[in-house]
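Here this note's numbering is used: the first residue of the sequence shown is 419, the next is one more, and so on. Virtual Cβ for every residue (Gly too), placed ideally from N, Cα, C. Here the structure is laid out as structure tokens; the discussion comes afterwards.
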Amino acid sequence: MRNSLFRNPKPWLMLFTGVLFAFFLVACGDETPAQYGPHTILNTAGPVAESERFLFYVILIIASIIFVLVEGVLIVSIVRFRSKPGTPNPYQNHGNLRVEVLWTVIPALILFIVLGVTINGLFQVSYPPKDQKSINVTAIGHQWWWEFYYPDYNITTADSLHAPVGTIVNVKLYSNNVIHSFWIPALTGKTDDIPGHNNTKWFKADRTGVFYGECAEFCGAQHAHMAFNAVIDNQDDFSTWVTTQQQASVVPAQDSLAAQGSKLFVGICATCHGIVGKGNGYMSGYQDPSVACADPNVACKVGPNLTHFANRNLIAGGVLTHDHSKCTDPNNLSQCNLAKWLANPQGIKPGNDMVLGADLKPDQIKELVAYLESLN
Ligand code: CUA
């Protein structure tokens with residue numbers, strides 16, 4: 419009676435197994451909040467991701483055909499040639515030259531096809547096409563958030579990478595801590611930020627929109643909370659964004675709630691986030707983070723530049739979304755994620771660098787929210 423279940427599979431057991439596997443596929447839905455943009459490699463928005471998707475489909479189709487053929491022959495053999503009592507051993511064809519050559523040459527040919535398509539794809543994604551308009555961005559991996567520095571515009575921001583549509587984005591990847599990996603599924607595959615080895619990559623978006631990005635290399639406790647988004651604007655909107663980012667931060671009206679908040683900010687937050695609005699709107703420690711953070715003699719701030727915080731739609735490496743409209747009424751901040759973050763940064767993202775000497779009081783949170791939300 420040993421193995422009777424496998425010799426005589428019960429219909430209910432096969433049905434149960436089928437339903438169980440169907441549940442695994444349910445996880446394939448896209449539940450990403452709109453602020454992050456779509457989270458898929460199949461709905462591409464640019465040439466680099468398209469070339470990678472093409473390779474994926476080529477391999478998927480070849481592998482599927484092989485799978486169906488091999489499994490089909492296997493199933494037919496199992497069913498038709500089952501051993502019955504008294505059946506002699508089947509014909510043995512060990513050492514048959516023709517068969518040996520066929521099943522060596524055919525897989526080799528298939529692998530050469532895959533190799534050819536792969537090498538072609540590698541060339542396509544390695545170097546951007548020449549003579550096209552481009553911008554430069556340095557993507558800096560921190561534990562655990564992304565900082566974006568635009569050397570040509572002197573802009574430093576966090577959590578949202580802005581770029582114009584139809585423009586090549588040359589990305590320098592930098593880390594001074596552990597290895598991270600830069601990934602925007604709809605726009606470009608993964609490339610590592612390796613300390614001491616500055617990788618580069620490029621991508622281009624063919625349409626405007628917000629596209630989900632994340633760190634794709636395990637980098638510590640909050641690796642899963644190291645998201646960002648790529649905000650692809652039309653050229654005019656991008657130019658406006660650049661001009662806004664280059665300005666000094668708004669100075670709140672005297673005696674306003676925001677003015678109280680700005681005093682608190684200097685006392686509590688400025689050590690890590692710098693003095694917001696200093697100089698031309700970016701902080702002294704940030705002129706070139708890829709240089710500053712590598713030099714032990716230069717102050718490199720622990721936290722992100724908040725000079726134009728109110729424009730962003732993610733907080734703290736994407737652990738929370740930022741909805742400005744829910745943070746405008748100081749007497750009702752129950753839905754304001756920024757207030758939630760300030761009240762309990764270690765509870766929301768355990769182990770992150772935002773460690774407060776003492777919990778902020780509700781009035782302090784109101785003032786800080788008013789100030790940060792004024793930083794357009
Ligand atoms: Cu950074 Cu994972």
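Specify, as a first and last residue, the run of the alpha helix (DSSP H) that residue i falls within.
{"i": "residue 755", "result": "755 to 761"}
{"i": "residue 588", "result": "Run containing residue 588: none in the alpha helix (DSSP H); it sits in the beta strand (DSSP E), 586 to 593."}
{"i": "residue 580", "result": "Segment 578 to 582 is the beta strand (DSSP E) holding residue 580; no alpha helix (DSSP H) there."}
{"i": "residue 789", "result": "780 to 792"}
{"i": "residue 679", "result": "675 to 682"}
{"i": "residue 723", "result": "No alpha helix (DSSP H) contains residue 723, which DSSP labels as neither H nor E."}
{"i": "residue 538", "result": "515 to 544"}
{"i": "residue 686", "result": "Premise fails: residue 686 is in no alpha helix (DSSP H) and is neither H nor E."}
{"i": "residue 485", "result": "465 to 498"}
{"i": "residue 773", "result": "From DSSP, residue 773 is part of no alpha helix (DSSP H); its letter is neither H nor E."}
{"i": "residue 621", "result": "Not the alpha helix (DSSP H): residue 621 falls in the beta strand (DSSP E), residues 618 to 622."}
Residues in its own chain within less than 6 angstroms of residue i by CB, not counting five upstream and five downstream?
{"i": "residue 580", "result": "649, 659"}
{"i": "residue 680", "result": "670, 789"}
{"i": "residue 573", "result": "663"}
{"i": "residue 476", "result": "535"}
{"i": "residue 694", "result": "667, 724, 725"}
{"i": "residue 436", "result": "none"}
{"i": "residue 745", "result": "754, 756, 787, 791"}
{"i": "residue 438", "result": "none"}
Using only alpha-carbon positions, find the residue among the options that is nearest to residue i.
{"i": "residue 638", "options": "664, 556, 616, 595", "result": "595"}
{"i": "residue 599", "options": "576, 644, 624, 585", "result": "644"}
{"i": "residue 781", "options": "668, 768, 791, 761", "result": "761"}
{"i": "residue 688", "options": "772, 603, 611, 483", "result": "772"}
{"i": "residue 753", "options": "736, 767, 724, 787", "result": "787"}
{"i": "residue 691", "options": "607, 737, 565", "result": "565"}
{"i": "residue 465", "options": "525, 520, 625", "result": "625"}
{"i": "residue 576", "options": "513, 647, 457", "result": "647"}
{"i": "residue 457", "options": "763, 770, 631, 767", "result": "631"}
{"i": "residue 764", "options": "727, 467, 793, 640", "result": "640"}
{"i": "residue 619", "options": "661, 553, 678", "result": "553"}
{"i": "residue 545", "options": "441, 617, 527, 567", "result": "617"}
{"i": "residue 770", "options": "747, 722, 779", "result": "722"}
{"i": "residue 768", "options": "459, 525, 504, 642", "result": "642"}
{"i": "residue 484", "options": "661, 528, 504", "result": "528"}
{"i": "residue 633", "options": "614, 608, 653", "result": "608"}
Can you check whether the CB of residue j is closer than 8 angstroms to the CB of residue i?
{"i": "residue 508", "j": "residue 499", "result": "yes"}
{"i": "residue 551", "j": "residue 585", "result": "yes"}
{"i": "residue 555", "j": "residue 587", "result": "yes"}
{"i": "residue 656", "j": "residue 569", "result": "no"}
{"i": "residue 589", "j": "residue 469", "result": "no"}
{"i": "residue 791", "j": "residue 675", "result": "no"}
{"i": "residue 521", "j": "residue 735", "result": "no"}
{"i": "residue 623", "j": "residue 591", "result": "no"}
{"i": "residue 783", "j": "residue 737", "result": "no"}
{"i": "residue 461", "j": "residue 604", "result": "yes"}
{"i": "residue 728", "j": "residue 606", "result": "no"}
{"i": "residue 517", "j": "residue 511", "result": "yes"}
Does the beta-carbon of residue i have 16 or more other beta-carbons within 10 angstroms, so that it is buried, or is it exposed?
{"i": "residue 665", "result": "exposed"}
{"i": "residue 757", "result": "buried"}
{"i": "residue 777", "result": "exposed"}
{"i": "residue 683", "result": "buried"}
{"i": "residue 486", "result": "exposed"}
{"i": "residue 471", "result": "buried"}
{"i": "residue 489", "result": "exposed"}
{"i": "residue 685", "result": "exposed"}
{"i": "residue 751", "result": "buried"}
{"i": "residue 463", "result": "buried"}
{"i": "residue 759", "result": "buried"}
{"i": "residue 493", "result": "exposed"}
{"i": "residue 428", "result": "exposed"}
{"i": "residue 560", "result": "buried"}
{"i": "residue 482", "result": "exposed"}
{"i": "residue 621", "result": "buried"}
{"i": "residue 793", "result": "buried"}
{"i": "residue 496", "result": "exposed"}
{"i": "residue 601", "result": "buried"}
{"i": "residue 432", "result": "exposed"}
{"i": "residue 651", "result": "buried"}
{"i": "residue 501", "result": "exposed"}
{"i": "residue 743", "result": "exposed"}
In the DSSP assignment, find the beta strand (DSSP E) that holds residue i and state where it starts and stops.
{"i": "residue 633", "result": "627 to 633"}
{"i": "residue 598", "result": "598 to 602"}
{"i": "residue 552", "result": "552 to 560"}
{"i": "residue 694", "result": "Looking at the DSSP string, residue 694 is not in any beta strand (DSSP E), and its letter there is neither H nor E."}
{"i": "residue 611", "result": "606 to 611"}
Which same chain residues end up closer than 8 angstroms to residue i when comparing Cβ atoms and leaving out the 5 residues on each side of it in sequence?
{"i": "residue 473", "result": "535, 536, 539"}
{"i": "residue 532", "result": "476, 477, 480"}
When every heavy atom of the ligand MN is checked, does at least one fall within less than 7 angstroms of the C-beta of residue i?
{"i": "residue 559", "result": "Although the ligand MN was asked about, the structure shown includes only the ligand CUA as ligands."}
Which residues in the same chain have their Cβ closer than 7 angstroms to the Cβ of residue i, if we skip the five residues on either side of it in sequence?
{"i": "residue 635", "result": "597, 598, 599, 610"}
{"i": "residue 434", "result": "none"}
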